[in-house]
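Protein chains in written order, with this note's numbering: chain D, 3 to 181; chain S, 471 to 1121. The beta-carbon is built from N, C-alpha and C at its ideal position, and this holds for glycine as well. Note that the structure is predicted; figures quoted are calculated from it, not measured. Below you'll find the structure, written out as structure tokens, and then a few comments.
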């Protein structure tokens, strides 16, 4: 009799392991990104507003930043723009933009018309850096910690809810007392 | 309007699935035969509703209705019609709907085919299928509704993931899922037998064709996925031991064991509880595969839109279905004792080895797939398990399996006398060894230790399998489709073994930098690079390289590998160029622009690689052939003359 209970016991053990696995699973809405918990890919690209300058990932180490992939050709990016401006006004986490496969003059016109929420915008004309970041479709936003580790990824338009419920707690929890 | 209609149809299907499960299981338990008459009606109704939902979603894709979130996220007006249809299963919600649709199709087929079975038994089978369908419908409606509206509607869609825009991948999910879902039939048969508390040989005979058909589809599905990985991803491999690949391979291994164990139960009335366990296990692994892919528990190249909420739901569903079946098993299996015995060296003993080795193989794959998860859960750090683990462990159970196969098919049932077959086995083995070593050292002139071993084992299986059927055919004796199918499937396996051995031992792989006009030699071929030029498709632009391939100066092909850039998702994919030449598979992939007209090009020459996929197709054909045997179609239900009665209720 006993040996016929063995499969059930083994299965229940597995169920416990899987349940623990779910608790550790990445967050809701995340396209499982192999980048999470790993160093952000390096890049050095011309600045959109001052083409003579370079936006470099090494210069960003030491503080939190949001890496936002966008383009003027992307409709959803227009939808998240107001949220980005509010993020900028909050002044807690600087926004670094990646202008992806875009016309630079159109991108400058876009920022002049709708407001510029970015501390700096890197121009990725060839799309090579976006591939390194595993970008699937714009807009996508990555949260990078002071050590340069990607801690969170959001796919699709950034909303106030995502900002206040997903991004702020991560930044706040990591530096208590400096909300 | 159509999305709402589809949504409503799904809700009705959920209710009908609940009715189907309730009337069938409760009706059979309480002996209310009038309740049972409602079951087939519920099956038909559910199938119509699910088909309606499928049609509604498809209409939204075809008509570019970007007010539906799922359509807006996975399609685009520039997408060709064929891919707009295939985009339906391009992501999570639609794949689930496809799963449910295929389950409905299988259920209708079972309802149709089970008319000749005892009414209570067939009702229980349909009841269990209804329960499975109910779970999936609830899952879809609660967590993954494909009909949700997008307000405001998108002007255009985000497009189907370009990687999925390939004919091979468009048909891969339906075929793979047909196999996955098909194992639910064997599972339902097993549960029905346990609910009845009896299992006789005719039970195995009913279950066999369903299981073999599901297995054939799964075989084709896995092979298509592998073919796609080779051809479209351009990674230069056909199998990566990726969690998602493993998720489809584990049910295949256990399903293979199940087919063989069912044969023993059918012919000899043995292995009853073991067969039941395998039937539960095969379907459990199909469900587990879904869990692993959908829950985001494991990160894989295939995973998309992972969601722990969904993971929790699937886990609960797994616990109810598999836990329930295993409870039933713990309760009922002790009643199913077999009195018959067999000698060592009898066919039963070889099939037992087959089962043990296949389950060990599935177990090692399982352990390797879940090890990263367990190590992560126990906070032992991130662990990555790859080919260095999988290849040797898998080989360790496969080599004895292949060696025993040739002997096993010549063994008799019950009696262990192999003496009269010794001569056949020895002759075929010697012939295979001479031929295998001759080919390895004659054609390729070098090889690793395993190369002649693999070639010999493969050839031995072919010769040993073919001896008897050819002999019978020459003597004008009839051959049943079951035996013929088995022979074909075994030869398919042997072809796969030979192809894998050759590919593993003799692949040439080189990354070269080529300027226009430059020539490079690799693997006996010469490649002359003629530069690149722009090309354009319906929804992508591309750069195409041109290479002239020659073999000792004789022209072989002009190959044009492409680097494609899809407009909407802005994703770059590598479109490899492939040429078959005298059994060699030449693969070229365009790499990076190195400046000044120079490009990096990856050259691979894999001898016999396409035989791997052909072999899978041969195996599947063998399965279909065996399932069509007359013996399975006219199973007598109450035939006191058959041996079935002698062993039933033997406990």
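With DSSP as the reference, label residue i as helix, strand or coil.
| i | result |
| --- | --- |
| residue 43 of chain D | coil |
| residue 72 of chain D | strand |
| residue 950 of chain S | coil |
| residue 1043 of chain S | strand |
| residue 1077 of chain S | strand |
| residue 865 of chain S | helix |
| residue 88 of chain D | helix |
| residue 31 of chain D | At residue 31 of chain D the pLDDT is 39, less than 50, meaning the model places this residue with poor confidence; the figure from the coordinates comes in the next sentence. Of the three classes helix, strand and coil, the one that applies to residue 31 of chain D here is coil, per DSSP. |
| residue 635 of chain S | coil |
| residue 140 of chain D | coil |
| residue 145 of chain D | strand |
| residue 794 of chain S | helix |
| residue 813 of chain S | coil |
| residue 879 of chain S | coil |
| residue 891 of chain S | helix |
| residue 588 of chain S | coil |
| residue 1037 of chain S | coil |
Strictly under 9 Å for the Cβ-Cβ distance: is residue i near chain S by that measure?
| i | result |
| --- | --- |
| residue 24 of chain D | yes |
| residue 171 of chain D | no |
| residue 50 of chain D | no |
| residue 69 of chain D | no |
| residue 13 of chain D | yes |
| residue 16 of chain D | yes |
| residue 30 of chain D | Low local confidence applies: a pLDDT of 37 at residue 30 of chain D is under 50, so the model's placement there is unreliable, and no value is given. |
Per DSSP, residue i forms a beta bridge with which residues?
| i | result |
| --- | --- |
| residue 996 of chain S | S/991 and S/1020 |
| residue 981 of chain S | S/1072 |
| residue 884 of chain S | In the DSSP output, where bridge partners are listed per residue, residue 884 of chain S has none listed. |
| residue 1063 of chain S | S/1069 |
| residue 1057 of chain S | S/1048 and S/1074 |
| residue 66 of chain D | None, per the DSSP bridge assignment. |
| residue 751 of chain S | Note: residue 751 of chain S sits in no beta bridge, so no partner. |
| residue 730 of chain S | In DSSP, residue 730 of chain S forms no bridge with anything. |
| residue 155 of chain D | D/144 |
| residue 1006 of chain S | S/1011 |
In chain order, what residues of the same chain lie with their CB nearer than 6 Å to the CB of residue i, ignoring the 5 residues before and after it?
| i | result |
| --- | --- |
| residue 1011 of chain S | 1035 |
| residue 45 of chain D | 59 and 131 |
| residue 559 of chain S | 565, 568 and 643 |
| residue 978 of chain S | 992, 993 and 1075 |
| residue 955 of chain S | 1092, 1095 and 1096 |
| residue 640 of chain S | 556 |
Can you pull the chain S residues whose beta carbon is under 9 Å from the beta carbon of residue i, in chain order?
| i | result |
| --- | --- |
| residue 45 of chain D | Residues of chain S passing the Cβ test: none, with the nearest at roughly 16 Å. |
In chain D, which residues lie with their C-beta within 8 Å of the C-beta of residue i?
| i | result |
| --- | --- |
| residue 761 of chain S | 20 |
| residue 797 of chain S | 10 |
| residue 747 of chain S | 9 |
| residue 785 of chain S | 17, 20, 21 and 24 |
Within a Cβ cutoff of 7 Å, which residues of the same chain sit near residue i, ignoring the five residues on either side of it in sequence?
| i | result |
| --- | --- |
| residue 817 of chain S | 878, 881, 882 and 883 |
| residue 1067 of chain S | 985, 986 and 1001 |
| residue 909 of chain S | 925 |
| residue 1049 of chain S | 1019, 1026, 1027, 1029 and 1056 |
| residue 1121 of chain S | Because residue 1121 of chain S sits at a pLDDT of 32, beneath the cut-off of 50, its placement in the model cannot be relied upon, and the following sentence gives the value as read from the coordinates. The residues are 805, 806 and 807. |
| residue 775 of chain S | A caution first: residue 775 of chain S carries a pLDDT of 42, below 50, which makes its placement in the model too unreliable to give a value. |
| residue 653 of chain S | 684, 721, 725, 752, 753 and 756 |
By the criterion of Cβ-Cβ separation under 7 Å, what are the contact partners of residue i in chain D?
| i | result |
| --- | --- |
| residue 800 of chain S | 6, 7 and 10 |
I want to see whether chain D comes within less than 9 Å of residue i, judged by CB atoms only; does it?
| i | result |
| --- | --- |
| residue 530 of chain S | no |
| residue 899 of chain S | no |
| residue 830 of chain S | no |
| residue 456 of chain S | The requested residue 456 of chain S does not occur in the structure, where chain S is confined to residues 471 to 1121. |
| residue 935 of chain S | no |
| residue 660 of chain S | no |
| residue 804 of chain S | yes |
| residue 750 of chain S | yes |
| residue 840 of chain S | yes |
Mind listing the chain D neighbours of residue i? Cutoff is C-beta to C-beta under 9 Å, in chain order.
| i | result |
| --- | --- |
| residue 843 of chain S | 19, 20, 22, 23 and 26 |
| residue 791 of chain S | Within 9 Å Cβ-Cβ: nothing; residue 791 of chain S doesn't reach chain D, min ~11 Å. |
Less than 8 Å between C-beta atoms, sequence neighbours within five positions excluded: which residues of the same chain meet that for residue i?
| i | result |
| --- | --- |
| residue 613 of chain S | 777, 779, 780 and 783 |
| residue 475 of chain S | 522 and 526 |
| residue 81 of chain D | 159 |
| residue 943 of chain S | 949 |
| residue 895 of chain S | 876, 877, 880, 888 and 934 |
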